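**Q** Numbering (the numbering used here), first residue to last: 43 to 443.
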């Protein structure tokens, strides 16, 4: 697959077939909005549907918040809306239309055009505006039209797979469709054998020097995987070293920056953060350079760098974390789940991020990274990368054939 190739969505079924692949799952009880710019699909936003009995004022407030998110795509000139209630017909239909009217007013009030809208139930779907009963029968159309659309079939052919929606049917985030790519997954017996060595290495990192040679050696173990040089199954010794690094917050953060911004930035950043000796008071240029390095490091950690991350490395990072996702005493699974949540937050997939973060907190209720990211999501904060079309994630990228 060529990641620069443009896929065509020529029919409603194609657009609606595309939506689940951008989210990673088939949405339910959801409002999904897709921005458009000059006929091209842009950013995808998914939020929970409000209660069916909300007041007009509450519907207006909800719609205003949704449109505020959509305006983050500065090039957007139009919007497509898909509503996923529990069922297509019956009591849920009229509230969908009332909500759509509120959304239409909010969208057009900001100078955007509502291009089209659909309601997708558990068995049937229909267009909200079309009155032609030949193409849009009143009873709706089968969901198989969407699942078997040309664009959906093309995405599946190219390796896109849908997992279950997070948080439904009693499913934990541990059981989400977490891909491991070529890195495989250790057997339970192999995983159990990893833990003693992981604990030994963790103690070394906790009580040894924080920067310099320790950081360089640790990041050197991660780099062949993140760069794509090593695409083999993770060995038990590799797993012990990689997981040990994630268990120490300073090194975990540095590994996250390494995945997003590269090895050089990660090394420079952690060395400045852990610098023991003060800089020469007279060396203003040296101090400014050091502060610039730390600021750049922090921008990547918080999903705010103007240039955006290297998404191919980030996708590889997510697969590698999937291979490291096995349990151990003391909440050892929490760091891996929390960093997976960070990746999903960077991608703009808040529901998936929240599910991983909830699972991390289930393993360790006091895990600070998961707490902080959960709070950001609860307040509606998106990563800057997800808010900008130029830096947003556009799905798993594969090498050109």
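All C-beta atoms, glycine included, are put in the ideal place defined by N, C-alpha and C.
Model, not experiment: these values are computed from the prediction.
Do residue 154 and residue 105 come within 8 Å of each other at the CB atom, strictly closer than that value?
**A** no
**Q** Could you give the distance in angstroms between the alpha-carbon of residue 91 and the alpha-carbon of residue 434?
**A** Each residue's alpha carbon lies about 24 Å from the other.
**Q** Under 8 Å by Cβ, that's how I've got residue 161 and residue 138 pegged, so tell me the actual separation to the nearest angstrom.
**A** 5 Å
**Q** I need the DSSP call for residue 339, collapsed to helix, strand or coil.
**A** In the three-state scheme derived from DSSP, where H, G and I count as helix and E and B as strand, residue 339 is classed as helix.
**Q** Report the three-state DSSP secondary structure of residue 195 (helix, strand or coil).
**A** helix
**Q** Classify residue 276 as helix, strand or coil using the three-state DSSP reduction.
**A** coil
**Q** Counting only the same chain and skipping the five closest in sequence on each side, list residues whose C-beta sits under 7 Å from that of residue 149.
**A** 109, 121 and 156
**Q** In this structure, how does DSSP classify residue 233 when only helix, strand and coil are distinguished?
**A** helix
**Q** Give, in chain order, every unbroken run of the alpha helix (DSSP H) that is at least 4 residues long and sits entirely within the segment 380 to 406.
**A** 392 to 405
**Q** Just to confirm before moving on: does the CB-CB distance between residue 432 and residue 303 stay below 8 Å?
**A** Not closer than 8 Å, so no.
**Q** Taking residue 86 as part of the beta strand (DSSP E), name the residues at either end of that continuous run.
**A** 82 to 90
**Q** Between which residues of its own chain and residue 278 is the CB-CB distance below 7 Å, once the five residues before and five after are set aside?
**A** 228, 232, 235 and 236
**Q** Can you give the beta carbon distance from residue 429 to residue 114, rounded, assuming they're within the 8 Å contact cut?
**A** 4 Å
**Q** Excluding sequence positions up to five away, which residues of its chain have a Cβ less than 7 Å from the Cβ of residue 399?
**A** 380, 383, 412, 415 and 416
**Q** Is it buried or exposed, residue 240, if we count other Cβ atoms within 10 angstroms and call 16 or more buried?
**A** Using a 10 angstroms sphere on the CB of residue 240, the tally of other CB atoms reaches 16 or more, which defines it as buried.
**Q** Look up residue 123 in the DSSP assignment and say whether it is helix, strand or coil.
**A** strand
**Q** Give me, in chain order, the residues of the same chain whose beta-carbon lies closer than 6 Å to that of residue 221; leave out the 5 immediate sequence neighbours on both sides.
**A** 361 and 364
**Q** Since I believe residue 225 is in contact with residue 265 (beta carbons under 8 Å), could you give me their beta-carbon distance rounded to a whole number of angstroms?
**A** Not quite, the Cβ-Cβ distance comes to about 15 Å (not below 8 Å), so this is no contact.
**Q** Nearest to residue 332 by alpha carbon, out of 347, 312 and 343?
**A** Answer by Cα proximity: 312.
**Q** For residue 128, count neighbouring C-beta atoms within 10 Å of its own C-beta (all shown protein chains included) and say buried if the count is 16 or more, exposed if not.
**A** Counting Cβ neighbours within 10 Å, residue 128 comes out exposed, since fewer than 16 surround it.
**Q** With DSSP as the reference, label residue 10 as helix, strand or coil.
**A** This structure gives no information on residue 10, because the portion of the chain shown stretches from 43 to 443.
**Q** Cα separation between residue 271 and residue 238?
**A** 28 Å
**Q** Beta-carbon within less than 6 Å of residue 74's beta-carbon, same chain only, minus the 5 sequence neighbours each way: which residues are those?
**A** 61, 88 and 124
**Q** Could you give the DSSP three-state label for residue 427: helix, strand or coil?
**A** helix
**Q** Provide the residue span of the alpha helix (DSSP H) that contains residue 301, from first to last.
**A** 291 to 303
**Q** With C-beta atoms as the reference, is residue 142 less than 8 Å away from residue 170?
**A** yes
**Q** For the segment 161 to 186, list the beta strand (DSSP E) runs that are entirely contained and at least 3 residues long, ordered along the chain.
**A** 166 to 169
**Q** According to the Cβ coordinates, are residue 86 and residue 437 closer than 8 Å?
**A** no
**Q** Quick one: what does DSSP say residue 211 is sitting in, helix, strand or coil?
**A** Model confidence at residue 211 stands at a pLDDT of 39, short of 50, so the residue's coordinates are unreliable; what they give is reported in the following sentence. Reduced to three states, the DSSP call for residue 211 is coil.
**Q** Quick check: what's the CA-CA separation for residue 423 versus residue 223?
**A** 30 Å
**Q** Between the alpha carbons of residue 388 and residue 103, how many angstroms are there, rounded?
**A** 26 Å
**Q** Going by C-alpha to C-alpha distance, which of 256, 280 and 352 sits closest to residue 300?
**A** 352
**Q** What is the DSSP secondary structure of residue 432, counted as helix, strand or coil?
**A** Coil, per DSSP.
**Q** Between residue 172 and the rest of its own chain, which residues show a CB-CB distance below 7 Å, the 5 nearest in sequence each way excluded?
**A** 178
**Q** Where does residue 60 sit, in a helix, a strand or coil, going by DSSP?
**A** Residue state for residue 60 is assigned as helix, using DSSP reduced to three classes.
**Q** Between which two residues does the beta strand (DSSP E) containing residue 73 stretch?
**A** That run of the beta strand (DSSP E) goes 72 to 79.
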